[in-house]
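Novice: Chains as they are written, first to last, in our numbering: chain A, 8 to 230; chain B, 8 to 230.
Idealized CB from N, CA, C, for every residue including glycine.
Below: one structure in structure tokens.
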DNA sequence: GTCTATAGATAGATAGAC
DNA sequence: GTCTATCTATCTATAGAC
């Protein structure tokens with residue numbers, strides 16, 4: 008075991024500190040600066056412990072500028088979570104489109120995309136996964152749909168695998184939870200300087216997922 | 008797939024709402040009421056979004072009573088997290104003491120204890136896992152030791168398995184992360200009314216863990 | 001341990017000039 | 001979009017009587 012176990016710096020909730028929002032979907036100007044600053048603070052300190060003043064200070068804008076782009080602090084959170092779920096879902100769909108049309112290959116592709124997006128946008132993943140309960144019902148509704156789509160994709164693939172008889176698993180619901188959960192935790196500990204590429208982590212987790220459902224080859228990686 | 012996927016109620020971060028602190032370690036009187044109220048609020052809303060007034064209102068005590076038991080709000084969090092890590096570590100040690108002295112049996116025992124403690128004390132697990140970054144270095148130090156002990160136990164068992172040649176796994180560090188992570192997520196979705204006992208979840212996850220490291224039997228549960 | 005009262009700081013959000 | 005100034009509410013924490 009060459010790598011350290013629990014070594015988060017003081018006051019840090021997640022290890023990575025690099026990538027924020029996907030550049031392609033980041034608004035230009037003050038709005039983008041606010042979103043990236045808020046993302047970083049929400050990820051490390053949490054929504055409830057971050058003030059509008061904190062966000063504006065980090066983004067180097069005035070509080071009035073924030074309120075000219077967003078009706079409230081809650082809308083900032085909603086936009087971040089919406090972008091996060093959208094990016095995650097897009098990566099899963101792209102991976103499936105490039106995958107062979109065979110149940111096990113599709114399962115591996117989804118797990119790989121799930122893990123890579125958690126490695127590359129860990130702050131987005133952490134905020135989406137641990138802060139969404141701060142959203143009011145109206146704002147939550149507009150955002151949770153995409154999350155459910157992503158979960159449905161994985162669930163359907165697991166059902167396809169089961170129907171095709173390609174594996175045997177004691178409880179398919181728990182398999183979904185376990186595979187999803189181990190990928191989600193990646194966002195908390197992965198950082199670019201840890202000595203592993205996102206691809207290595209993703210390949211290994213895909214192998215873990217296949218083994219978990221009883222379909223993995225004992226040793227050589229499938230990917 | 009009979010059970011629902013993402014169905015957290017509005018404003019809820021975790022599904023369960025029943026068990027709080029282990030009764031055996033809960034102080035009597037006002038202090039215990041404060042700790043249980045704070046645990047519930049920290050788990051659902053987060054430390055930063057919970058005020059001392061919120062805690063005292065839920066505990067039905069005055070704010071001055073809280074300050075007669077704790078020097079600050081941060082000390083309340085520290086005591087909760089300390090109790091959580093201690094309970095988790097105790098369960099792992101107890102499970103190992105009752106387990107056969109054989110690497111795979113020990114691995115299964117640790118995973119089972121890990122999962123069961125996350126089912127039975129989900130709020131404690133969520134607060135310990137997502138709020139500990141609010142602790143100052145001094146308070147964090149006194150608490151993180153127990154967490155590292157628990158992680159070391161799992162790491163050493165995985166190394167024993169590897170040295171004994173009982174399984175083959177591409178990356179033992181990632182196996183540790185994956186097994187730990189899938190168990191930690193259980194705290195967010197498990198609730199007593201979900202139709203599964205903690206033992207069922209624990210048995211299944213132990214099977215998943217053995218498969219993940221290449222040592223699981225294809226179909227019948229080992230536990 | 002419990003109460004009332006409050007200090008001193010900071011919260012989210014807004015007004016209105018430029 | 002940016003600025004200064006500010007409103008009102010709430011925050012953590014304490015003082016001091018009982």
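Is the Cβ-Cβ distance between residue 45 of chain B and residue 92 of chain B less than 9 Å?
Specialist: Within the second chain, numbered from 1, the residue matching residue 45 of chain B stands at position 38. Within the second chain, numbered from 1, the residue matching residue 92 of chain B stands at position 85. Not in contact: residue 45 of chain B and residue 92 of chain B (Cβ atoms no closer than 9 Å).
Novice: Would you say residue 119 of chain B reaches chain A, if we count a Cβ-Cβ gap shorter than 9 Å as a contact?
Specialist: Position 112 of the second chain, counted from the start, is the residue given in the question as residue 119 of chain B. It does not; no Cβ of chain A falls within 9 Å.
Novice: Cα separation between residue 191 of chain B and residue 75 of chain B?
Specialist: Looking up residue 191 of chain B in the second chain gives position 184. Looking up residue 75 of chain B in the second chain gives position 68. Distance between the alpha carbons of residue 191 of chain B and residue 75 of chain B is about 34 Å.
Novice: Interface residues of chain B around residue 214 of chain A at Cβ under 7 Å?
Specialist: Numbered from 1 along the first chain, position 207 holds the residue referred to as residue 214 of chain A. Result: 177.
Novice: How would you label residue 67 of chain B, buried or exposed, when you count the other beta carbons within 10 angstroms and need 16 or more for buried?
Specialist: Working through the second chain from its first residue, we reach residue 67 of chain B at position 60. So residue 67 of chain B ends up on the exposed side.
Novice: Look up residue 230 of chain A in the DSSP assignment and say whether it is helix, strand or coil.
Specialist: The residue you call residue 230 of chain A lines up with position 223 of the first chain. Model confidence at residue 230 of chain A stands at a pLDDT of 37, short of 50, so the residue's coordinates are unreliable and nothing is read from them.
Novice: How many Å lie between residue 205 of chain B and residue 128 of chain B at the Cα?
Specialist: Mapped onto the second chain, residue 205 of chain B falls at position 198. Mapped onto the second chain, residue 128 of chain B falls at position 121. If I take the Cα positions, the gap works out to 11 Å.
Novice: Using a C-beta cutoff of 9 Å, does residue 130 of chain B count as contacting chain A?
Specialist: Indexing the second chain from 1 puts residue 130 of chain B at position 123. Taking Cβ atoms only, chain A never reaches closer than 9 Å to residue 130 of chain B, which makes this a no.
Novice: Rounded to whole angstroms, what's the CA-CA distance from residue 185 of chain B to residue 219 of chain B? Just pull it up for me.
Specialist: As a working note, residue 185 of chain B is residue 178 in the second chain. As a working note, residue 219 of chain B is residue 212 in the second chain. About 9 Å.
Novice: Look at the alpha carbon of residue 106 of chain A and the alpha carbon of residue 19 of chain A, and state the distance between them as a whole number of angstroms.
Specialist: Taking the first residue of the first chain as position 1, residue 106 of chain A is located at position 99. Taking the first residue of the first chain as position 1, residue 19 of chain A is located at position 12. If I take the Cα positions, the gap works out to 37 Å.
Novice: Buried or exposed: which applies to residue 152 of chain B, given that a residue is buried once 16 or more other Cβ atoms fall within 10 Å of its Cβ?
Specialist: Here residue 152 of chain B is taken as the residue at index 145 of the second chain, counted from 1. Exposed, because fewer than 16 other Cβ atoms sit within 10 Å of the Cβ of residue 152 of chain B.
Novice: Got a sec: is the Cβ-Cβ distance from residue 187 of chain B to anything in chain A below 9 Å?
Specialist: Position 180 of the second chain, counted from the first residue, corresponds to residue 187 of chain B. Interface residue, yes.
Novice: If distances are taken between C-alpha atoms only, which option among A:196, A:40 and A:121 comes closest to residue 69 of chain A?
Specialist: Taking the first chain and counting its residues from 1, the one referred to as residue 69 of chain A is at position 62. Looking at the Cα atoms, A:40 is the closest of the given residues.
Novice: Does the stretch 161-179 of chain B come within contact of the stretch 48-64 of chain B, defined as at least 3 CB pairs closer than 8 Å?
Specialist: These segments do not touch.
Novice: Closest Cβ-Cβ distance between residue 144 of chain A and chain B: below 9 Å?
Specialist: To locate residue 144 of chain A, count along the first chain from 1; it is residue 137. Closer than 9 Å to some Cβ of chain B, the Cβ of residue 144 of chain A qualifies, so yes.
Novice: So which residues on chain A does residue 52 of chain B lean against when the C-beta distance must stay under 9 Å?
Specialist: The residue labelled residue 52 of chain B in the question sits at position 45 within the second chain. Within chain A, the residues near residue 52 of chain B are 55, 140 and 141.
Novice: Ignore the nearest five residues each way along the sequence and tell me which others in residue 83 of chain A's own chain have a CB closer than 8 Å to its CB.
Specialist: By 1-based counting over the first chain, the position of residue 83 of chain A is 76. The residues are 41, 42, 45, 62, 73 and 77.
Novice: Count the other C-beta atoms from every protein chain shown that fall within 10 angstroms of the C-beta of residue 30 of chain A, then say buried if there are 16 or more, exposed otherwise.
Specialist: Stepping through the first chain from its first residue, residue 30 of chain A is reached at position 23. Residue 30 of chain A should be labelled exposed.
Novice: Just curious, the alpha helix (DSSP H) that residue 100 of chain B is in, first and last residue?
Specialist: As a first step, residue 100 of chain B must be located in the second chain, where it is residue number 93. Note, residue 100 of chain B: alpha helix (DSSP H), 80-104.
Novice: Please work out which residues of its chain come closer than 8 Å, Cβ to Cβ, to residue 28 of chain B, disregarding the five sequence neighbours upstream and downstream, and give them in chain order.
Specialist: Taking the first residue of the second chain as 1, we reach residue 28 of chain B at position 21. Cβ neighbours of residue 28 of chain B beyond the five flanking positions: 39, 42, 43, 46, 87, 90, 128 and 131.
Novice: State yes or no: is the beta carbon of residue 91 of chain A nearer than 9 Å to at least one beta carbon in chain B?
Specialist: Locating residue 91 of chain A in the first chain gives position 84, counting from the first residue. No, its Cβ sits nowhere closer than 9 Å to a Cβ of chain B.
Novice: Provide the residue span of the alpha helix (DSSP H) that contains residue 184 of chain A, from first to last.
Specialist: Locating residue 184 of chain A in the first chain gives position 177, where the first residue counts as 1. Segment 179-196, the alpha helix (DSSP H) holding residue 184 of chain A.
Novice: Is residue 219 of chain B close to chain A, meaning its C-beta is less than 9 Å from at least one C-beta of that chain?
Specialist: Your numbering for residue 219 of chain B matches position 212 in the second chain. Yes, its Cβ sits closer than 9 Å to a Cβ of chain A.
Novice: Which residues of chain A have a Cβ atom closer than 9 Å to the Cβ of residue 19 of chain B, listed in chain order?
Specialist: Here the question's residue 19 of chain B lines up with position 12 in the second chain. What residue 19 of chain B touches in chain A: 140.
Novice: Residue 61 of chain B lies in the alpha helix (DSSP H); which residues open and close that run?
Specialist: Position 54 of the second chain, counted from the first residue, corresponds to residue 61 of chain B. Note, residue 61 of chain B: alpha helix (DSSP H), 59-66.
Novice: At a CB-CB cut-off below 8 Å, which residues of chain A make contact with residue 208 of chain B?
Specialist: Taking the first residue of the second chain as position 1, residue 208 of chain B is located at position 201. Result: 181.
Novice: Quick one: does residue 204 of chain B have its CB under 9 Å from some CB of chain A?
Specialist: Within the second chain, numbered from 1, the residue matching residue 204 of chain B stands at position 197. Not closer than 9 Å to any Cβ of chain A, the Cβ of residue 204 of chain B fails to qualify, so no.
Novice: Using CA atoms only, rank isn't needed, just tell me which of B:141, B:139, B:138 and B:114 is closest to residue 214 of chain B.
Specialist: What you label residue 214 of chain B is simply residue 207 of the second chain in a count that begins at 1. The option with the nearest alpha carbon to residue 214 of chain B is B:114.
Novice: Could you name the residues of chain B that residue 211 of chain A contacts, counting a contact when the two beta carbons are closer than 7 Å?
Specialist: Looking up residue 211 of chain A in the first chain gives position 204. Neighbours of residue 211 of chain A on chain B, chain order: 177, 178 and 181.
Novice: Short of 8 Å in beta carbon distance, which residues of its chain neighbour residue 173 of chain B, apart from the five on each side in sequence? Order them along the chain.
Specialist: Counted from its first residue, the second chain places residue 173 of chain B at position 166. Answer for residue 173 of chain B: 110, 111 and 222, listed in chain order.
Novice: What residue range is occupied by the uninterrupted alpha helix (DSSP H) comprising residue 132 of chain B?
Specialist: Within the second chain, residue 132 of chain B is the residue found at index 125, counting from 1. Residue 132 of chain B -> alpha helix (DSSP H) spans 129-137.
Novice: How is the alpha helix (DSSP H) around residue 207 of chain A delimited, first residue to last?
Specialist: Reading the first chain from its first residue, position 200 is the one you call residue 207 of chain A. Counting along the chain, the alpha helix (DSSP H) containing residue 207 of chain A begins and ends at 205-219.
Novice: If you measure between the beta carbons of residue 54 of chain A and residue 141 of chain A, is that distance less than 9 Å?
Specialist: Working through the first chain from its first residue, we reach residue 54 of chain A at position 47. Working through the first chain from its first residue, we reach residue 141 of chain A at position 134. Cβ distance < 9 Å, so residue 54 of chain A and residue 141 of chain A count as in contact.
Novice: Taking the beta carbon of residue 157 of chain A as the centre, do at least 16 other beta carbons fall within 10 Å, making it buried, or is it exposed?
Specialist: Sequence index remark: in the first chain, residue 157 of chain A carries index 150 (1-based). Classification for residue 157 of chain A: buried.
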